[in-house]
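**Student:** Those protein sequences? They're chains A and B, same order as listed. Numbering follows UniProt numbering, with no gaps: position 188 of the first sequence is 188. Numbering follows UniProt numbering, with no gaps: position 110 of the second sequence is 110. By construction, the Cβ of each residue, glycine as well, lies at the ideal position given by its N, Cα and C atoms. None of these values were measured; they are calculated from a predicted model. Provided herewith is a single structure, encoded as structure tokens, for subsequent inquiry.
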Amino acid sequence: MGAKAENGVKPTPLASPSSSPFPSLKALKLKTKQQELLIRVSALALIYVLAFAVRLFSVLRYESMIHEFDPYFNYRTTLFLTKNGFYEFWNWFDSESWYPLGRIIGGTLFPGLMVTAALIYRALRFLTFAVHIREVCVLTAPFFASNTTLVAYFFGKEIWDAGAGLAAAALIAICPGYISRSVAGSYDNEGVAIFALLLTFYLFVKAVNTGSLAWGLASAFGYFYMVSAWGGYVFIINLVPLYVLVLLITGRYSMRLYVAYNCMYILGMLLAMQIRFVGFQHVQSGEHMAALGVFFLMQVFYFVDWVKYIINDPKLFHSFLRITLTSAIIVGALALGVGMATGYISPWAGRFYSLLDPTYAKDHIPIIASVSEHQPTAWSSFMFDFHILLFLFPAGLYFCFKRLSDATIFIVMYGLTSMYFAGVMVRLILVATPAVCLISSIALSATIKNLTTLIRKKSKAAQTFSTKGISSLKASAKASLDQALPFQRNVAIALLVGAFYLLGRYAIHCTWVTSEAYSSPSIVLAARSAHGGRVIFDDYREAYFWLRQNTPPDAKVMSWWDYGYQITAMGNRTVIVDNNTWNNTHIATVGRAMSSYEDEAYEIMQSLDVDYVLVVFGGVTGYSSDDINKFLWMVRIGGGVFPVIKEPDYLVNGEYRVDKGAAPKMLNCLMYKLSYYRFGELTTEYGKPTGYDRARGVEIGNKDIKLEYLEEAFTTSNWIVRIYKVKPPKNRW
Amino acid sequence: MAKSTSSDAQMLVRSLHTAYAATPTNLKIIDLYVVYAIVTAVIQVVYMGIVGSFPFNSFLSGVLSCVGTAVLAVCLRIQVNKENKEFKDLPPERAYADFVLCNLVLHLVVMNFLG
């Protein structure tokens, strides 16, 4: 009795905060919904920061610089945009590349990336952060990767539920397939384009789910951003009509689909035609005809559907159907036939046709075939880039098929088509990555949810069993059921532990892959010296800055097209060919010059006004991506246009050699001479003879090289880049 | 055979006429607008056939503005039609506001594209 009174009188701990020095955590007690929201928001915030941080390896190890080749062009154009404004940028004719042809840059690039970076730069400058445009360019891709994780969360929530959304965001934040093209420093179109792709797909699925014109308009703007960012927008304009077709055929169509597709197609097409590079392709090119065809098909389909609804009489409707269908098919086939026959509708462009027929490029377009990113994908690449997602993907497909809706059909189609294309071309693993991450997240989220429900159901049943007592029949029946599967809970816990272990291995793998394979700037090479310290080869930049400071401003530089963008961006000199590769004959001319004897090459160089020749040579350092290893492609591309260059002349028994047994044309061509000039006097490795080429592993065949029409201007400290000056013609007396 | 198809066609036309007369007036106004837009587009295509398509961007922007506004009007009709179960809790003001917004964007882009 007394204790009870005391219990009633005793104050609760919350009422007297002065009693304890720290505020009790009970004060923060939130409702379950708010707790869940807090967990979700904090998880997303951590994922956002993680996606940004994991891409910063190369900035921390080397410095904040632009990687590779293509990003240098993007950087140069962004610099021009910030200095000269949008009007000059949009109408820019550049005479510093493709001498003497020049290039209409304003009309042949995708401006999305440059405009985005320039806007971010302006915004930061407005807030008085004094950043340099290079820093903004370097960090644009990680920033947009973080934004992609947010879009993946919303997309996953739309397809399945919030748990799948969180899992998708976490998976895509560190997936190596995406990191490979979006590290800090990789200032390329794909960094922004994958964000635009996922955003467009999310907005479209949202439009189909809600049937609202506003979401359709948003998806049209998303499509516009994608078209402005990357040539891969063709994937969207073909996948969405295919999806509509599948829905129409399987009978899952609805009014919402009509509203969403039509709004997105018409507005998206109009907006896309504002980009000069795309132009009128949406009504003239074969790749875009599927969307136009499905648009017309949809009008006919829904019109017929509406008439059927109005008439309400099957017999009359059948006759009506017969008339309209035959007339529509005749008109459509006629239009398509006339369009293709007159050539008005252009057939599929080579680089997209080679996706449908992978052998096409090798036979017909050697430039496309020579790019290493365009080769078919090996299994090891899939494992490298996806890890556990490879087996979570089929599991996710199973879950999607179990719960078919408009959204899951879309993601299944996206996943399957993108996986097919990823198998055809290595570079397209990037496009498949968001689909694989989303579908895998469904499998992951559904499995973990089932397992945890099993665990919690068991313990809840045990609790009710203990508190309610054994009197009710239901409790005893449940108790007997629980006894029947005694290991169910333990198995569930074991499976859950296994799942978390796999996810942990995934995280470790992704971090290792990012650190080892995808964070090298390509323009600065690093190696381990004999004492274990790090040796940096900064030869490329050394050579470009030598060009910038020691050659006349109007000097023209001839090199293979790989280095064109870097020479114009860093060396600030005019080049003959660059990475845009828009003129095959011009590239073939350079290839012919590189593979001819010195006198023939001199004539070609005189016709092109060349002042300097730049070659990349890896014989001293063992660097294997040098011009001698690329030489056969120069021969093939040159020989494709000028039949005087024949590939078998450079091979011995079909084998490509540079040592004593090499073909005589090989030993005396311009590329060989420029690469190995004075190399015969150099000892590169202890115990090997002079002139030992460390990249090919042989002693070179022609050590005593004399140059008649060129003279050596500069060789970098590790002999990686060599620059030669073309001598003016001799005086006649 | 021909007689049955022609009488079929007559019956078809008559039943379509009677069924259509039953639709409410606001939907009929939208249908009239759609027909007007399509007729304008057809006139433009015929004119292009006569004089050639030289400023192709102008031709495209003209035709696409007609087709676009027709399609958007059809979407509005779908959303406002009381017989569509899917859109029964969408207020008609929202449907009309969406229609106006999309048309605004359409015509702004068309004006940029006219050249």
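So which residues of chain B does Asn262/A contact, with C-beta pairs closer than 7 Å?
**Tutor:** In the first sequence, residue 262/A corresponds to position 262, counting from 1. By Cβ distance, chain B contributes Val71 and Cys75.
**Student:** Closest Cβ-Cβ distance between Ile330/A and chain B: below 8 Å?
**Tutor:** Residue numbering aside, residue 330/A sits at position 330 when the first sequence is read from its first letter. Ile330/A does not count as touching chain B.
**Student:** Given a limit of 9 Å on CB to CB distance, which residues of the segment 9-31 of chain B reach chain A?
**Tutor:** So the close ones are Ala9, Met11, Leu12, Ser15, Leu16, Ala19, Tyr20, Ala22 and Thr23.
**Student:** Quick one: what's got a C-beta closer than 8 Å to Thr511/A's C-beta in the same chain, skipping five residues either side?
**Tutor:** Looking up residue 511/A in the first sequence gives position 511. Excluding residues within five positions, the ones whose Cβ falls inside 8 Å are Val54 and Ile174.
**Student:** When we look at the beta-carbon of Ala170/A and count the other beta-carbons within 10 Å, is it buried (16 or more) or exposed?
**Tutor:** Your numbering for residue 170/A matches position 170 in the first sequence. Label assigned to Ala170/A: buried.
**Student:** Can you list, in chain order, the residues of its chain with a C-beta nearer than 7 Å to that of Pro521/A? Leave out the 5 residues immediately preceding and following it.
**Tutor:** Numbered from its first residue, the first sequence carries residue 521/A at position 521. These residues qualify, in order along the chain: Ser58, Tyr62, Met65, His67 and Gly185.
**Student:** Taking C-alpha atoms, which residue in Ile723/A, Tyr650/A and Glu712/A lies nearest to Val615/A?
**Tutor:** Residue numbering aside, residue 615/A sits at position 615 when the first sequence is read from its first letter. Minimum Cα distance to Val615/A is reached at Ile723/A.
**Student:** Contact between the segment 440-460 of chain A and the segment 395-402 of chain A is defined here as three or more beta-carbon pairs at a separation below 8 Å; is this criterion met?
**Tutor:** The segment 440-460 of chain A, when compared against the segment 395-402 of chain A, does touch it at the 8 Å Cβ threshold.
**Student:** Distance, Cα to Cα, Gly163/A vs Ile39/A?
**Tutor:** Here the question's residue 163/A lines up with position 163 in the first sequence. Here the question's residue 39/A lines up with position 39 in the first sequence. The straight-line gap from Cα to Cα measures roughly 11 Å.
**Student:** For Leu257/A, collect the residues of the same chain with a Cβ closer than 7 Å to its Cβ; drop the 5 residues on either side in sequence, then sort them by chain order.
**Tutor:** Translated into positions along the first sequence, residue 257/A becomes position 257. Cβ within range, chain order: Val208, Val244 and Leu247.
**Student:** So with CB distances below 7 Å, who are the chain B contacts of Asp313/A?
**Tutor:** Stepping through the first sequence from its first residue, residue 313/A is reached at position 313. Those are Ser15, listed as they occur along chain B.
**Student:** So the candidates are Arg541/A, Lys362/A and Glu685/A; which of them puts its Cα closest to the Cα of Ala530/A?
**Tutor:** Numbered from 1 along the first sequence, position 530 holds the residue referred to as residue 530/A. When only C-alpha atoms are compared, the closest one is Glu685/A.
**Student:** In chain A, what lies closer than 7 Å to Asp98/B by C-beta?
**Tutor:** If you number the second sequence from 1, residue 98/B lands on position 98. Those are Ser212, Leu213 and Ala214, listed as they occur along chain A.
**Student:** Taking only beta carbons into account, state which residues of the segment 255-289 of chain A come closer than 8 Å to chain B, listed in chain order.
**Tutor:** The residues in question are Met255, Arg256, Tyr258, Val259, Asn262, Cys263, Ile266, Leu267, Met269, Leu270, Leu271, Met273, Gln274, Phe280 and Val283.
**Student:** Taking the alpha-carbon positions, what's the Ala435/A to Gly423/A distance?
**Tutor:** In the first sequence, counting from the first residue as 1, residue 435/A sits at position 435. In the first sequence, counting from the first residue as 1, residue 423/A sits at position 423. Rounded to whole angstroms, Ala435/A to Gly423/A spans 14 Å at the Cα level.
**Student:** Count Cβ pairs between the segment 712-720 of chain A and the segment 649-656 of chain A that sit closer than 8 Å; are there 3 or more?
**Tutor:** Counting Cβ pairs under 8 Å, fewer than three are found: no touch.
**Student:** For the alpha helix (DSSP H) containing Ala152/A, list its first residue and its last residue.
**Tutor:** The residue given as residue 152/A occupies position 152 in the first sequence. Ile133 to Ile159 is the extent of the alpha helix (DSSP H) around Ala152/A.
**Student:** Roughly how far, in whole angstroms, is the beta-carbon of Tyr187/A from the beta-carbon of Asn262/A, given that I think they are within contact range, below 8 Å?
**Tutor:** The residue labelled residue 187/A in the question sits at position 187 within the first sequence. The residue labelled residue 262/A in the question sits at position 262 within the first sequence. At roughly 36 Å, the Cβ-Cβ gap does not stay under 8 Å, so Tyr187/A and Asn262/A are not in contact.
**Student:** Measure the CB-CB distance between Ala291/A and Tyr253/A and report whether it falls below 8 Å.
**Tutor:** Indexing the first sequence from 1 puts residue 291/A at position 291. Indexing the first sequence from 1 puts residue 253/A at position 253. Not in contact: Ala291/A and Tyr253/A (Cβ atoms no closer than 8 Å).
**Student:** Beta-carbon within less than 8 Å of Lys29/A's beta-carbon, same chain only, minus the 5 sequence neighbours each way: which residues are those?
**Tutor:** Residue 29/A sits at position 29 when you count from the first residue of the first sequence. Correct list: empty, nothing qualifies.
**Student:** For Leu106/B, I'd like the list of residues in its chain whose CB is within less than 6 Å of its CB, leaving aside the five on either flank, ordered along the chain.
**Tutor:** Position 106 of the second sequence, counted from the start, is the residue given in the question as residue 106/B. Gly68.
**Student:** Taking only beta-carbon atoms, is Ile508/A less than 8 Å away from chain B?
**Tutor:** Numbered from its first residue, the first sequence carries residue 508/A at position 508. Closer than 8 Å: no.
**Student:** If I follow the unbroken beta strand (DSSP E) through Val613/A, where does it start and stop?
**Tutor:** Working through the first sequence from its first residue, we reach residue 613/A at position 613. Tyr612 to Val616 is the span of the beta strand (DSSP E), which, as asked, contains Val613/A.
**Student:** Can Tyr225/A and Gly112/A be called in contact, C-beta distance under 8 Å?
**Tutor:** Walking along the first sequence from the start, residue 225/A turns up at place 225. Walking along the first sequence from the start, residue 112/A turns up at place 112. For Tyr225/A and Gly112/A, yes; Cβs fall inside 8 Å.
**Student:** If Ile448/A sits next to Leu496/A, beta carbons under 8 Å apart, how far is it from one beta carbon to the other, in whole angstroms?
**Tutor:** By 1-based counting over the first sequence, the position of residue 448/A is 448. By 1-based counting over the first sequence, the position of residue 496/A is 496. With 8 Å as the limit, Ile448/A and Leu496/A qualify as a contact, their Cβ atoms being about 7 Å apart.
**Student:** For Lys556/A, which residues does DSSP report across the bridge?
**Tutor:** As a first step, residue 556/A must be located in the first sequence, where it is residue number 556. DSSP output for Lys556/A lists Thr574/A as bridge partner(s).
**Student:** Using 10 angstroms around the beta-carbon of Leu198/A, count the other beta-carbons present and answer buried if the total reaches 16, otherwise exposed.
**Tutor:** The residue labelled residue 198/A in the question sits at position 198 within the first sequence. Buried, because 16 or more other Cβ atoms sit within 10 Å of the Cβ of Leu198/A.
**Student:** According to DSSP, Glu699/A sits in a beta bridge with which residue or residues?
**Tutor:** Against the first sequence, residue 699/A aligns to sequence position 699. According to DSSP, Glu699/A bridges with Tyr692/A.
**Student:** Rounded to a whole number of angstroms, what is the C-alpha to C-alpha distance between His282/A and Leu392/A?
**Tutor:** Position 282 of the first sequence, counting from 1, holds the residue named residue 282/A. Position 392 of the first sequence, counting from 1, holds the residue named residue 392/A. Roughly 37 Å separates the two Cα atoms.
**Student:** Might you give, ordered along the chain, the residues of its own chain that have their beta carbon closer than 8 Å to the beta carbon of Ala484/A, omitting 5 neighbours on each side?
**Tutor:** As a first step, residue 484/A must be located in the first sequence, where it is residue number 484. Confidence in Ala484/A is poor, its pLDDT being 48 and thus under 50, which makes the residue's placement unreliable; the coordinate value appears in the next sentence. Counting only Cβ-Cβ distances below 8 Å, and skipping sequence neighbours, we find nothing.
**Student:** Report yes if the CB atom of Thr433/A is closer than 8 Å to the CB atom of Tyr178/A, and no otherwise.
**Tutor:** Mapped onto the first sequence, residue 433/A falls at position 433. Mapped onto the first sequence, residue 178/A falls at position 178. Yes, they are a contact pair.
**Student:** Give me the chain B residues within the contact set of Ile310/A, using Cβ-Cβ distance strictly less than 9 Å, ordered along the chain.
**Tutor:** Position 310 of the first sequence, counting from 1, holds the residue named residue 310/A. Going along chain B in sequence order, the residues near Ile310/A (Cβ under 9 Å) are Ser15, Leu16, Ala19, Tyr20, Ala22 and Thr23.
**Student:** Any idea if Glu83/B is buried or exposed, counting beta-carbon neighbours within 10 angstroms, 16 or more meaning buried?
**Tutor:** Your numbering for residue 83/B matches position 83 in the second sequence. Glu83/B should be labelled exposed.
**Student:** For a contact meaning CB atoms closer than 7 Å, what does Leu316/A contact in chain B?
**Tutor:** Position 316 of the first sequence holds residue 316/A. Within 7 Å Cβ-Cβ: Met11, Leu12 and Ser15.
**Student:** By the criterion of Cβ-Cβ separation under 7 Å, what are the contact partners of residue 788/A in chain B?
**Tutor:** This structure cannot settle anything about residue 788/A, because the visible part of chain A is limited to 1 through 733.
**Student:** Taking the alpha-carbon positions, what's the Ala593/A to Ile368/A distance?
**Tutor:** Locating residue 593/A in the first sequence gives position 593, counting from the first residue. Locating residue 368/A in the first sequence gives position 368, counting from the first residue. The alpha-carbon atoms of Ala593/A and Ile368/A are separated by roughly 21 Å.
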